[in-house]
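Data first, discussion second: the structure below is written as structure tokens.
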Amino acid sequence: MQSPVVILSVDWEPDKGPWKWRGIEMDYGGILCGTPAFCALLDELRIPCTWFVETSSDPSRNLPTRFADVVRQLARRDQDEIGLHIHWRRRMEDHSFVYETIDPAWVGAQLEHGVQQLNSLDLRPRAFRSGALLHIPHLPRMLDENGFTVDSSTLWGRANRLQSDKKRLQPKRLLSRVATLTHRLVGGVPDAYFPMDSDVEQPGGAATVEFPITYSLFDSSTFRRGLLCHYVKLKALMAKKTRYLTLFFHIDEVTRIGTGPDEKAEADMAIVDHFRTHLEGLKRTGARFLTCSEAREHWLRHSARASQRHLSSSTTQ
Ligand SMILES: [Zn+2]
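Positions in the sequence shown are counted from 1; adding 576 to them yields this note's numbering.
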């Protein structure tokens, strides 16, 4: 039996979907009320977490300035890590929004802006996650150029694509959904990898290490998804070498739908209890909880593929 490494991560952004208070432009219930509830659980279980903090050229979504004190409090949690999260929302001349993924100059400017925003709070982000796991051409190269060393922008090694209107995600075809499920049931838990400079989905020679998301901690609360997560956990335990389970959720998901807005939101203690049970179950397997950057160090030390790459780069220097 091989104990897995667990990387627990949060997408730290304003409320969305059913968690967003109806009729208002922005709702920060998850940030204001989900954060303390989840921090209390982390402290109780003594496990670290990577916080992917959203930045944006839209001030209402630029959290290092909108909630500087809360981000500073998160940064003071020594065992945790602050990463960067960008949603690629681009305002058009008619004031509508699209998701821009293919204009390299604009994408690069968002990354630089995000790093500067966190720098202004004395933070040097090393970990990155693309909003909605959107596929960005040349993302690994751009991350490397901006000082990032670790990325988690794929689900089982796959990123999402946009429809041609740049407003909605491409729906997954039935055949592709069946192939994904089969892969998860039959294939092994995906390992970390060096992606190609140009494509985060393809293994290659980029410097940034990719940790694919394994499953959503929130989704594991449903019966069917919970069974799949349990099965994935068992597969990680049965694997011959250490597996890396990257778990994620959105901060609004620990608040109760229908409460809000902002500081009027209430923590959803049923979900917090579910998180506790699930994380304690992982702890009982002997799992080691690491931040993204710690997991990268661990992988570089223990992975044959990483050490081969290290050897070949040192012999070509
Ligand atoms: Zn997000």
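Glycine included, every Cβ here is placed at the ideal spot set by N, Cα and C.
Query raised in the report: If you draw a straight line from the C-alpha of Ser672 to the C-alpha of Arg666, how long is it?
Result: By one-based count along the sequence shown, residue 672 stands at place 96. By one-based count along the sequence shown, residue 666 stands at place 90. The alpha-carbon atoms of Ser672 and Arg666 are separated by roughly 8 Å.
Query raised in the report: Are there three or more Cβ pairs, one per stretch, closer than 8 Å when the segment 629-641 is compared with the segment 688-708?
Result: Look at the beta carbons and you see the segment 629-641 touching the segment 688-708: at least three pairs across the two are nearer than 8 Å.
Query - Residue list, Cβ distance to ligand 1 heavy atoms smaller than 6 Å - result: The answer, residue by residue, is Asp587, Glu589, His661, His663, Gly707.
**Report entry** Check whether Pro594 and Leu660 have beta carbons under 8 Å apart
**Finding:** Here residue 594 corresponds to residue number 18 of the sequence shown, with the count starting at 1. Here residue 660 corresponds to residue number 84 of the sequence shown, with the count starting at 1. Cβ atoms of Pro594 and Leu660: not closer than 8 Å.
Requested in this report: Assign Asn682 to one of three DSSP states: helix, strand, or coil.
Outcome: Here residue 682 corresponds to residue number 106 of the sequence shown, with the count starting at 1. The displayed chain sequence assigns Trp, not Asn, to residue 682. Three-state result, Trp682: helix.
**Report entry** Residues that DSSP places opposite Phe628 in a beta bridge
**Finding:** In the sequence shown, the residue the question calls residue 628 occupies position 52. According to DSSP, Phe628 bridges with Asp587, Gly659.
Query raised in the report: Around the C-beta of Lys596, are 16 or more other C-beta atoms found within 10 angstroms, so that it is buried, or is it exposed?
Result: Translated into the one-based positions of the sequence shown, residue 596 becomes position 20. It counts as buried.
Query raised in the report: Three or more beta-carbon pairs under 8 Å between the segment 728-736 and the segment 689-696, yes or no?
Result: Judged by Cβ distances under 8 Å, the segment 728-736 makes no contact with the segment 689-696, as fewer than three pairs qualify.
Query - C-alpha gap between Tyr807 and Ala755, whole angstroms - result: What you label residue 807 is simply residue 231 of the sequence shown in a count that begins at 1. What you label residue 755 is simply residue 179 of the sequence shown in a count that begins at 1. Each residue's alpha carbon lies about 17 Å from the other.
Query raised in the report: Going by beta carbon distance, what residues of the same chain come within less than 6 Å of His711, once the five residues before and after it are set aside?
Result: In the sequence shown, the residue the question calls residue 711 occupies position 135. Cβ contact annotation for His711 (same chain, cutoff 6 Å, sequence separation greater than five): Ala735, Arg737, in chain order.
**Report entry** Among His663, Ala768, Ile678, the one whose alpha carbon lies nearest that of Glu589
**Finding:** As a position in the sequence shown, residue 589 is number 13, starting the count at 1. When each option's Cα is compared against that of Glu589, the closest is His663.
Requested in this report: Could you tell me whether the segment 641-649 touches the segment 673-685, where touching means 3 or more Cβ pairs closer than 8 Å?
Outcome: These segments do not touch.
Query raised in the report: What did DSSP end up calling Ile847 once you bin it into helix, strand or coil?
Result: Here residue 847 refers to the residue found at position 271 when the sequence shown is read from its first residue. Of the three classes helix, strand and coil, the one that applies to Ile847 here is helix, per DSSP.
**Report entry** Other residues of its chain near Phe787: CB distance less than 7 Å, five sequence neighbours each side excluded
**Finding:** Along the sequence shown, read from residue 1 onward, the residue named residue 787 stands at position 211. Spatial neighbours of Phe787 in its own chain (CB-CB distance under 7 Å, excluding positions within 5 residues in sequence) are listed in chain order as Ile583, Val726, Ser728, Ala768, Tyr820, Thr822, Cys868, Ala871.
**Report entry** Contact belief for Lys743 with Tyr675 at Cβ below 8 Å, rounded distance in angstroms
**Finding:** Looking up residue 743 in the sequence shown gives position 167. Looking up residue 675 in the sequence shown gives position 99. Right, their Cβ atoms sit about 7 Å apart.
Query raised in the report: With which residues is Glu786 paired in a DSSP beta bridge?
Result: Here residue 786 corresponds to residue number 210 of the sequence shown, with the count starting at 1. BP columns for Glu786 point to Asp727, Tyr769.
Query raised in the report: Over what stretch of residues does the alpha helix (DSSP H) that includes Tyr675 continue unbroken?
Result: Counting from 1 along the sequence shown, the entry for residue 675 is found at position 99. No alpha helix (DSSP H) holds Tyr675; the beta strand (DSSP E) holding it covers 673-675.
Query raised in the report: For Tyr791, which beta-bridge partners are listed by DSSP?
Result: For the purposes of this step, residue 791 is identified with residue 215 of the sequence shown, where counting begins at 1. DSSP output for Tyr791 lists Leu823 as bridge partner(s).
**Report entry** Burial state of Gln893, where buried means 16 or more other Cβ atoms lie within 10 Å
**Finding:** For the purposes of this step, residue 893 is taken as residue 317 along the sequence shown, with counting starting at 1. Interpretation of Gln893 is limited by its pLDDT of 41, a score under 50 that renders its predicted location unreliable; the figure taken from the coordinates is listed afterwards. Exposed, because fewer than 16 other Cβ atoms sit within 10 Å of the Cβ of Gln893.
Query raised in the report: Which term fits Asp828, buried or exposed, when burial requires 16 or more other beta carbons within 10 angstroms of its beta carbon?
Result: Counted from its first residue, the sequence shown places residue 828 at position 252. Its Cβ being crowded by 16 or more others within 10 Å, Asp828 is buried.
Query raised in the report: Where does Thr831 fall in DSSP's three states?
Result: By 1-based counting over the sequence shown, the position of residue 831 is 255. Assigned with DSSP and collapsed to three states, Thr831 falls in strand.
Query raised in the report: Residues in its own chain within less than 8 Å of Met772 by CB, not counting five upstream and five downstream?
Result: Against the sequence shown, residue 772 aligns to sequence position 196. Taking C-beta separations shorter than 8 Å and ignoring five residues to either side along the sequence, the partners of Met772 in its chain run Pro716, Gln778, Pro779, Gly780, Gly781, Ala782, following chain order.
Query - Contact under 8 Å by Cβ, Ile789 with Phe824 - result: On the sequence shown, position 213 is the one that residue 789 refers to. On the sequence shown, position 248 is the one that residue 824 refers to. Cβ atoms of Ile789 and Phe824: closer than 8 Å.
Query raised in the report: Nearest to Arg652 by CA position, among Thr626, Cys609, His878, Arg860, is which residue?
Result: Counting from one through the sequence shown, the residue named residue 652 turns up at place 76. Among Thr626, Cys609, His878, Arg860, the Cα nearest to that of Arg652 belongs to Thr626.
Query - Whole-angstrom C-beta distance between Val776 and Thr730, which should lie under 8 Å - result: Taking the sequence shown and counting its residues from 1, one reaches residue 730 at position 154. Taking the sequence shown and counting its residues from 1, one reaches residue 776 at position 200. Correct: roughly 6 Å between the Cβ atoms.
Query raised in the report: What separation, rounded to the nearest whole angstrom, lies between the Cα atoms of Leu618 and Asp670?
Result: The residue you call residue 618 lines up with position 42 of the sequence shown. The residue you call residue 670 lines up with position 94 of the sequence shown. In this model, Leu618 and Asp670 are separated by some 44 Å (Cα to Cα).
Report task. Could you name the residues of the same chain whose beta carbon sits closer than 6 Å to that of Pro580, not counting the 5 residues immediately before and after it, in chain order? Result -> In the sequence shown, the residue the question calls residue 580 occupies position 4. In chain order, Ala812, Arg819, Leu821, Ala863 place their CB closer than 6 Å to the CB of Pro580, counting only its own chain and leaving out the 5 sequence neighbours on each side.
Query raised in the report: Whole-angstrom Cβ separation of Thr831 and Asp849, contact assumed at under 8 Å?
Result: Here residue 831 refers to the residue found at position 255 when the sequence shown is read from its first residue. Here residue 849 refers to the residue found at position 273 when the sequence shown is read from its first residue. The Cβ separation is near 14 Å, so there is no contact.
Report task. Report the three-state DSSP secondary structure of Arg700 (helix, strand or coil). Result -> Within the sequence shown, residue 700 is the residue found at index 124, counting from 1. Arg700 falls in the coil class under three-state DSSP.
Query raised in the report: Anyone know if the C-beta pair for Asp603 and Pro766 falls short of 8 Å?
Result: Within the sequence shown, residue 603 is the residue found at index 27, counting from 1. Within the sequence shown, residue 766 is the residue found at index 190, counting from 1. Not closer than 8 Å, so no.
Report task. Taking all protein chains shown into account, decide if Leu605 is buried (16 or more other Cβ within 10 angstroms of its Cβ) or exposed. Result -> Stepping through the sequence shown from its first residue, residue 605 is reached at position 29. The displayed chain sequence assigns Gly, not Leu, to residue 605. Buried.
Requested in this report: Can you have a look at Lys809 and say buried or exposed, based on whether 16 or more other CB atoms are within 10 angstroms of its CB?
Outcome: Counting from one through the sequence shown, the residue named residue 809 turns up at place 233. Classification of Lys809: buried, given that the 10 Å Cβ count is 16 or more.
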